[in-house]
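All remarks here apply to the structure that follows.
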Amino acid sequence: MVSFYLKTGIFKQAAALAVLLMAAGTAQAQIPSNQIPPKGVNKVVRTLLPSWQVGDVDKKLSRLCSFGRFNQRVPYKYSGHFQGPNGAALVGGAKGDGLNLFDPTGVRQRDHDYWFYRDRTSNCIVYSAKVKPEQSAIQPQRP
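Residue numbers (mature numbering (1 follows the signal peptide of the UniProt record, and there is no 0)): -29 to -1, 1 to 114.
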């Protein structure tokens, strides 16, 4: 059996691959921890509400999303998980100020949040929701 591996060179290839993987492992360990980007989802919102109540469907933005011209920078970095009696859905989020938003055409509105269903597909649906002002920013009416 050993002679088969030596004749075909499989043993040499496996040994070379093992050396390469060990070298890659030590190189990864030498990167300072403050330079390693965070992985995975940063924020998840879970609700029993239907996903279509997250905002109004914007047909223009949905079309741009289908063409790759209005998308999330990192898909599902910010996400909402809907699990209720009306069906389950996962949508990715982006802010109108540019947070996690790829918008080379400049069609975003700063006072809106955008939610992407099936982002990076030809069936992308973009929901747009106007951001409500914070309570502290609302000034009381004077008589």
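Where is the CB? At the ideal position from N, CA and C, for every residue including glycine.
Would you kindly work out how many angstroms separate the C-alpha atoms of residue 70 and residue 24, rounded to a whole number? 22 Å
Enumerate in chain order the residues of its own chain whose CB-to-CB distance from residue 55 is below 8 Å, with the five nearest sequence positions on each side excluded. 18, 19, 20 and 21
Buried or exposed for residue 58, going by 16 or more other Cβ atoms inside 10 Å? exposed
Cβ-Cβ separation, residue 81 to residue 68 (assumed contact under 8 Å), whole Å: 5 Å
Among the residues of its own chain, which have a CB less than 7 Å from the CB of residue 44, if the five just before and after it don't count? 71, 72 and 73
Assuming residue 100 and residue 83 form a contact by the criterion Cβ under 8 Å, report the distance between their Cβ atoms to the nearest whole angstrom. 6 Å
Can you tell me the Cα-Cα spacing of residue 34 and residue 105, whole angstroms? 31 Å
When you compare the CB positions of residue 87 and residue 97, do they come within less than 8 Å of one another, or not? yes
So, residue 50 versus residue 15, is the Cβ gap smaller than 8 Å? yes
Rounded C-alpha distance that separates residue 52 from residue 62: 7 Å
What whole-angstrom Cβ distance do residue 76 and residue 40 have, given they're in contact under 8 Å? 6 Å
If you run the structure through DSSP and keep just helix, strand and coil, what is residue 25? helix
Alpha carbon to alpha carbon, what distance is there between residue 103 and residue 94? 28 Å
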